[in-house]
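Take a look at the structure below.
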Amino acid sequence: MRKKLFSLFLMLMVAFSSVQPVSATSSSELKKQREEKESQKNSTQNELDAINDQMNDLSGEKEEVDAQIREMTAQIAEIMVSVELMEEEIADTEVQIGQAQEDYDAAKAKEERQYTAMKKRIQYLYEKGENSYLQILLEAKSWGDLLNKAEYVQEIYTYDRKMLDDYAATVQEVADLKESLEIKKSDLEASHYELEQEEASLQESLDEQKAISADYEADLARAQQQAAAYKEKIQKQNEEIKQLAAAEESKRAEEEEAKRRAEEESRRAEESRKAEESRKAEESRKAEEERQKADASSKSSESESQKASESQSSSASSAASPAAASSGGSAKGSEVANFACQFVGNPYVPGGTSLTEGADCSGFTQSVYKAFGYSIPRTSSEQRSAGREVSYAEAQPGDLICYAGHVAIYLGNGRIVHASSVKTGIKYGTATYKTILSVRRIVG
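Residues -19 to -1, 1 to 425 in mature numbering (1 follows the signal peptide of the UniProt record, and there is no 0) are what the sequence shown lists, from first letter to last.
Written as structure tokens, this is what we have:
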């Protein structure tokens, strides 16, 4: 009986030994490696998407700055044309003033000459006394001659007086014209000065906008380099995933073939065992009964062991503690950040301060803080001095993130909400999508 049992045990050992254990390089291990690699690729893709969002934001803001540059350039061109025309008009006015001065000098000289001649005639007629005047009249040979002489004297006087008045009027007219031209020249020079001042101011603003545009160009170039690096990384990860998938498929085929061979060997062993049992059924009946009893006892033990294991697993699962949630920053800062998020999707309006109808970047931040009783300046450059400065590592929800020509409200975890551009409106973004100049603690 013992000999028969030993023979049966050897047959079972041969059947079970043909099934090989799964090695460390099994298809399940390769699948796990492939899934990890796919998770890494998805993470890289998310980083690439974030970089693309940054580039879209930077492009939109750069378009706004470039539009301002074009507008300022056009204004400067118009002012330069106006300055040139005004300089020509000033030069023409100076020529007219010079001509008026010459006309004035000529009229004045002619007036002086006429006045001198008139004085001589008056002296001759009047300053020699009444006898001389009477003598002229008495020398008349007849009444007609007398009247003619008297009329002649009166006509000379009247003529001299009229000429003197005419010259005086001409002199005054030329003098008035000269004064009018000088006033016009003074006004033109004042306007010329104001235009030059306006041109200088616009040129200064234009230089600032060009500097900001250059910063955007640099940020875009860096973002494009990062995007190219992420794309290259994704391509490599895709290639690795393909290789792992091919290896997994090959390994699965090998394992299935090994399993098929093991099952075939097991089947043959089982058939051999059944043939041996059939041939020696009577002799092995009692041994089979004992084996069945032993199997039943073994299964009972396994069942009890399995139940105990499941009970321990359930207890361990119920005893596991949930992950603790972490939070940072002040409650008021979080309220400010949550409040600002309500307006995502509303429009960007240059110069606007309405959270619902539209605002620009600094108008948006000013209105959000104002809703909580905090007063900050209007422009983005002035807001860089508001509150107190903290490092980006210390940034908390509700802090003000300042960039060149732009501001945003920090939400935590590297995210911001801001009035981005006319194209994108109020939206979420990544805090480091461009160079941070300062982080300002406004709340708490």
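C-beta: ideal position from N, C-alpha, C; glycine also.
CA-to-CA distance, residue j to residue i, given in whole angstroms
{"i": "Q21", "j": "T413", "result": "22 angstroms"}
{"i": "A340", "j": "D34", "result": "21 angstroms"}
{"i": "A81", "j": "A156", "result": "8 angstroms"}
{"i": "T25", "j": "R203", "result": "17 angstroms"}
{"i": "E246", "j": "S259", "result": "20 angstroms"}
{"i": "S4", "j": "H399", "result": "Only weak support exists for where S4 lies, its pLDDT of 44 falling under 50; the coordinates are left without a value."}
{"i": "E17", "j": "A227", "result": "16 angstroms"}
{"i": "Q49", "j": "E175", "result": "22 angstroms"}
{"i": "T334", "j": "L39", "result": "22 angstroms"}
{"i": "F353", "j": "G379", "result": "11 angstroms"}
{"i": "A149", "j": "Q135", "result": "21 angstroms"}
{"i": "A321", "j": "E220", "result": "43 angstroms"}
{"i": "A90", "j": "L158", "result": "18 angstroms"}
{"i": "R359", "j": "E75", "result": "47 angstroms"}
{"i": "I193", "j": "G386", "result": "7 angstroms"}
{"i": "K43", "j": "L169", "result": "39 angstroms"}
{"i": "S361", "j": "D47", "result": "18 angstroms"}
{"i": "A250", "j": "E235", "result": "22 angstroms"}
{"i": "V371", "j": "L392", "result": "15 angstroms"}
{"i": "Q184", "j": "Q224", "result": "60 angstroms"}
{"i": "A72", "j": "S182", "result": "25 angstroms"}
{"i": "E291", "j": "L11", "result": "Because E291 carries a pLDDT of 47, less than 50, the predicted location of this residue cannot be relied on, and no value is offered for it."}
{"i": "Q293", "j": "R241", "result": "For Q293, the predicted model reports a pLDDT of 40, less than 50, meaning its position is unreliable; a value from the coordinates is still stated below. Using only the alpha carbons, I get a separation of about 36 angstroms."}
{"i": "I357", "j": "G310", "result": "20 angstroms"}
{"i": "L29", "j": "G406", "result": "22 angstroms"}
{"i": "G410", "j": "R396", "result": "6 angstroms"}
{"i": "A88", "j": "K143", "result": "15 angstroms"}
For residue i: DSSP bridge partner residues
{"i": "A400", "result": "I407"}
{"i": "T334", "result": "A340"}
{"i": "S419", "result": "C383"}
{"i": "Y329", "result": "A340"}
{"i": "E370", "result": "R421"}
Range covered by the alpha helix (DSSP H) that runs through residue i
{"i": "G393", "result": "Run containing G393: none in the alpha helix (DSSP H); it sits in the beta strand (DSSP E), H387 to G393."}
{"i": "E363", "result": "S361 to Q364"}
{"i": "K313", "result": "A312 to C322"}
CA nearest to the CA of residue i, picked from the options
{"i": "I423", "options": "V330, Q377, Q26 and K223", "result": "Q377"}
{"i": "E59", "options": "E69, E160 and E179", "result": "E179"}
{"i": "S7", "options": "L39, K89, E237 and S172", "result": "E237"}
{"i": "D86", "options": "Q206, Q153, Y211 and L225", "result": "Q153"}
{"i": "Y350", "options": "V371, E338, G386 and K313", "result": "K313"}
{"i": "E163", "options": "Q205, Q77 and G354", "result": "Q77"}
{"i": "T416", "options": "D200, M36 and T360", "result": "D200"}
{"i": "R15", "options": "E28, M144, L158 and Q218", "result": "Q218"}
{"i": "H173", "options": "E185, V325, Q347 and E68", "result": "E68"}
{"i": "E70", "options": "I137, A31, K165 and L29", "result": "K165"}
{"i": "I390", "options": "F324, T97, A256 and A250", "result": "F324"}
{"i": "C383", "options": "Q364, A88 and S348", "result": "Q364"}
{"i": "S402", "options": "S348, Y373, Y329 and G410", "result": "Y329"}
{"i": "E19", "options": "E177, Q216, Q207 and A31", "result": "Q216"}
{"i": "S419", "options": "K404, A374 and G425", "result": "A374"}
{"i": "V388", "options": "Q347, Y355, K404 and N394", "result": "Q347"}
Short CB-CB distance (under 8 angstroms) between residue i and chain C
{"i": "A318", "result": "Checking the listed chains, one finds no chain C in this structure; it contains a single protein chain."}
Contact test: residue i Cβ vs the ligand SAH heavy atom, cutoff 7 angstroms
{"i": "S362", "result": "Ligands displayed in this structure: none; no statement on the ligand SAH is therefore possible."}
Local Cβ density within 10 Å of residue i, reported as buried at 16 or more and exposed below that
{"i": "S9", "result": "exposed"}
{"i": "S343", "result": "buried"}
{"i": "Y140", "result": "exposed"}
{"i": "E132", "result": "exposed"}
{"i": "K232", "result": "buried"}
{"i": "K13", "result": "exposed"}
{"i": "R421", "result": "buried"}
{"i": "E93", "result": "exposed"}
{"i": "N327", "result": "buried"}
{"i": "E213", "result": "exposed"}
{"i": "Q190", "result": "buried"}
{"i": "T337", "result": "exposed"}
{"i": "G79", "result": "exposed"}
{"i": "E244", "result": "exposed"}
{"i": "S298", "result": "Any reading at S298 must be qualified, since the residue scores a pLDDT of 33, below 50, and its modelled position is unreliable; no value is offered."}
{"i": "V317", "result": "buried"}
{"i": "K408", "result": "buried"}
{"i": "A55", "result": "exposed"}
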